[in-house]
Amino acid sequence: MQQLEQSIKAALSTAIQQAFGASVAPDQLTIQPTRKEFAGSFTLVTFPLTKTLGKGPEQIGQALGEWLVANEPKVKGFNVVKGFLNLEIADAQWLALFEQLRRQPDGAPVPTGGPQDVVVEYSSPNTNKPLHLGHLRNNFLGYSVAEILKATGATVTKANLVNDRGIHICKSMLAYQRFGHGETPQDSGIKGDHLAGKYYVLFEKHYREEIKQLEAEGVATDVAKRTAPLMTDAQQMLQQWEQGEEEVIRLWKQMNGWVYEGFDETYKNIGVDFDQYYYESETYLLGKERVEEGLQKGVFFKKEDGSVWVDLKEEGLDEKLLLRADGTSVYITQDLGTAELKYQDYHYDLSVYVIADEQNYHMQVLKAVLHKLGKPYAEAIHHLSYGMVDLPSGKMKSREGTVVDADELVREVVEAAKAATLEKGKTEGLTEEQAEQLYHMLGLGALKYYLLKVDPKKRMLFNPEESVSLEGHTGPFIQYSHARISAIRRKALEQGVSESTDLSTLTTLHETEQEMVQELGRYAAVVAEAARNFSPAVVAQYAYDIAKAYNRFYTEVPIFVESDPVKKAFRVALSAQTARTIKASMGLLGIAVPERM
RNA sequence: GGUUGUGUAGCUCAAUUGGAUAGAGCAUCUGACUACGAAUCAGAAGGUUUAAGGUUCGACUCCUUACACGACCA
3 MQQLEQSIKA ALSTAIQQAF GASVAPDQLT IQPTRKEFAG SFTLVTFPLT KTLGKGPEQI
63 GQALGEWLVA NEPKVKGFNV VKGFLNLEIA DAQWLALFEQ LRRQPDGAPV PTGGPQDVVV
123 EYSSPNTNKP LHLGHLRNNF LGYSVAEILK ATGATVTKAN LVNDRGIHIC KSMLAYQRFG
183 HGETPQDSGI KGDHLAGKYY VLFEKHYREE IKQLEAEGVA TDVAKRTAPL MTDAQQMLQQ
243 WEQGEEEVIR LWKQMNGWVY EGFDETYKNI GVDFDQYYYE SETYLLGKER VEEGLQKGVF
303 FKKEDGSVWV DLKEEGLDEK LLLRADGTSV YITQDLGTAE LKYQDYHYDL SVYVIADEQN
363 YHMQVLKAVL HKLGKPYAEA IHHLSYGMVD LPSGKMKSRE GTVVDADELV REVVEAAKAA
423 TLEKGKTEGL TEEQAEQLYH MLGLGALKYY LLKVDPKKRM LFNPEESVSL EGHTGPFIQY
483 SHARISAIRR KALEQGVSES TDLSTLTTLH ETEQEMVQEL GRYAAVVAEA ARNFSPAVVA
543 QYAYDIAKAY NRFYTEVPIF VESDPVKKAF RVALSAQTAR TIKASMGLLG IAVPERM
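Its first residue numbered 3, the first sequence is counted upward by one per residue in the working numbering.
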């Protein structure tokens, strides 16, 4: 359709030349889809031309419209409303566009001239607790953005940077040592990541008790927090870990192993995957080397106590600690190492970090520091900053136990989908296994769509009831349209109506048919825009628009009672193309679509 | 205190990046299943886009100030 738009612009440019003797390049003209309440398909805004042409907006529209209808066969009619020239496009053009769309092979890339080698880092869990609702938004976003960039023809690597070291990991380990009695996921039946999480919570509980105890003995709160035995023990454990003490490393490996098994199960269940794992335990040393490099280059400096800093005041930021006085690393130290490693591995021209917006400052600093180090990949870094997920009761806080567990949430949405499907009695003819797959597809479709339809950068509210809803602006609404079309296609097959029937004798289109074709033609532009803005929400909105347009078409235009065989075949083909486009769009969101539901 | 993001219908979100009468869903009300699937469709109602100025043919969008909420940095 971009070609069609281009040719309309070119024709308009010629029209301006012919009617006004002025030259305006096609690229300078902006045309947009015509609003539904007016006749026509494309609209030229004529206000911007008034200065160069020295005429009023309506006069310009009228003159250009007349010239086009007389000289350009692609334009069959026009109307002018104030400064807007609405052009009606000849049916032959829409039919040609449709031919082009249906001939395109599945998964044909949409070239945008954007980056070619891309790394998308997402998920990035801590190994001390299971995934929660916030991680789900992160995972769905990361997966989807990677798929969208792939669709533009880029080579994309999905990376997961696991935060597997640090004081918080030691807290779980310590609590397990103290209170675990050798419990394992196998004999307790608790999923590995949840088991680690259980001990993290236990640590916090006992730690709080110790603080209370100390306070009762007259110790000041901040001192109590620092000197509570559990805390000092955890810190000691971290040092032992860094020194490679055997028993600590053994426990660390054992517990992380449990957690990874748990994560793998969750990832598989929610349908996300990774091409590459990075572990902070393996990058923090590389990060320390970068700090050393910065000192040698003279872009970092050492304070009297031995800590290393960078001055970013010129960049509008502040001084930032890069290495503690005792030589231990901080978050950004590890990030410097990971960035370096990623670049060594992939020589990316774009590196996307899917990280919540609370890290905005941190990411700015990271970029600035890499810039100071003269790293060529500093500019290639893009922080896909997304808003946190709020609950109706307010912010999610792990300490207050108001987190929504990912595994449990998925179970609930699948359960809700199952209940709704059974209630509608639509499982006949399905095997037990097929039915379970369907519930999973629908439940997850609802959840993913719910989290992805909102602009990533906006903080969003998670309403449990709405998230499992299957009606209205939801994933299952779109899935339903697909299932419905599948029924049409089955029937067409029975009746011997081929989707690839020759349609060259067809010359006219029903109005809703024309709108449908135009809507389907937007796909490439939508993918390009979504990629440019790193926004799955754009694709989500589009998938909904198509489904809605098709549902209207479906009720307005009968298919199988049509007597003209070519028209009938066209409607079947149009339905099939709609199904393909829905499937492709939803695929970019990581949502599968069913043949029946 | 400094930096920064957000503010649109009762609620949750859009608005083709400065274009027409600001659109959807939920909730409320009305109508449509003996034509291809009603998880659907058609319709009603719901708005001073936080406020006040400014820029211009035109502002939810850009600028200034204020207010509210959030995040980050001390």
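The C-beta atom is built at its ideal place from N, Cα and C for all residues, glycine as well.
Note that the structure is predicted; figures quoted are calculated from it, not measured.
- A direct Cα-to-Cα measurement between Thr429 and Glu597 gives close to 12 Å.
- The beta-carbon separation of Leu31 and Gly63, rounded to 13 Å, does not stay under the 8 Å limit for a contact.
- Positions of the beta strand (DSSP E) runs, each at least 3 residues long and wholly inside the segment 137-198, are given as 157-164 in order along the chain.
- DSSP places Tyr124 in the coil class of the three-state scheme, outside both helix and strand.
- Rounded to the nearest whole angstrom, the C-alpha separation of Asp195 and Tyr178 is 13 Å.
- Exclusion of the five residues before and after Tyr348 leaves Asp119, Val121, Thr159 as the residues of its chain whose Cβ lies within less than 8 Å of its Cβ.
- For Ala92 against Ala21, the beta-carbon gap comes to about 20 Å, at or over 8 Å, which does not count as contact.
- Per the coordinates, the alpha-carbon of Arg37 lies some 42 Å from the alpha-carbon of His134.
- Around the Cβ of Phe40, a 10 Å sphere holds fewer than 16 other Cβ atoms; the residue is exposed.
- Runs of the beta strand (DSSP E) lying entirely within the segment 346-412, each at least 3 residues long, are 352-358, 383-388, 391-393 in chain order.
- Straight through space, the alpha carbons of Glu74 and Val574 are spaced by roughly 31 Å.
- Here Ile548 is buried: its Cβ has 16 or more other Cβ atoms, across all protein chains shown, within 10 Å.
- For Lys131, the closest C-alpha among the options Thr114, Leu197, Gly447 is that of Leu197.
- By the 16-neighbour rule on beta-carbons within 10 angstroms, Val595 is buried.
- Judged by DSSP secondary structure, Gln61 falls within the alpha helix (DSSP H) whose first and last residues are 59-73.
- Straight across, the Cα-Cα distance linking Ser537 with His183 is about 47 Å.
- Distances from the alpha-carbon of Val406 to those of Leu375, Lys344, Ser469 put Ser469 closest.
- Secondary structure at Lys304: strand, using DSSP grouped into helix, strand and coil.
- Taken through DSSP and simplified to helix, strand or coil, Leu319 comes out as coil.
- For Gln439, the enclosing alpha helix (DSSP H) stretches over residues 434-454.
- Here DSSP, grouped into helix, strand and coil, assigns Gly296 to helix.
- In the structure shown, Asn88 falls within a strand segment according to DSSP collapsed to helix, strand and coil.
- When the alpha-carbon of Glu531 is set against those of Ile490, Gly116, Gly23, Lys173, the nearest one is in Gly116.
- For Asp313, there is no enclosing alpha helix (DSSP H); the residue is part of the beta strand (DSSP E) that begins and ends at 310-313.
- Residues of the same chain with a CB within less than 8 Å of the CB of Met3, apart from the 5 flanking positions on each side, are Leu99, Gln520, Gly523, Arg524, Ala526, Ala527 in chain order.
- Proximity of the segment 503-517 to the segment 555-564 meets the contact definition, three or more beta-carbon pairs being nearer than 8 Å.
- Between Tyr202 and Lys173 the beta-carbon gap is near 6 Å, inside 8 Å, which marks them as a contact.
- The segment 346-361 makes no contact with the segment 300-318, as fewer than three CB pairs between them are under 8 Å.
- Pairing Ala485 with Glu101, the inter-Cα distance amounts to about 24 Å.
- Counting only unbroken stretches of 4 or more residues, the alpha helix (DSSP H) elements lying wholly within the segment 478-525 are 513-523, in sequence order.
- Lys152 and Ser353 have their C-alpha atoms spaced approximately 14 Å apart.
- Checking the DSSP bridge columns, you'll see Pro35 partnered with Phe44.
- Close CB contacts of Val415 within its chain, under the 8 Å cut and outside five residues either way in sequence, are with Gly445, Leu446, Ala448, Leu449, Ser469, Val470 (chain order).
- By the CB criterion at 9 Å, Ala161 and Tyr280 fall inside the cutoff.
- Looking only at Glu417, Gly168, Ser395, the smallest Cα-Cα distance to Thr404 is reached by Ser395.
- Here DSSP, grouped into helix, strand and coil, assigns Phe536 to coil.
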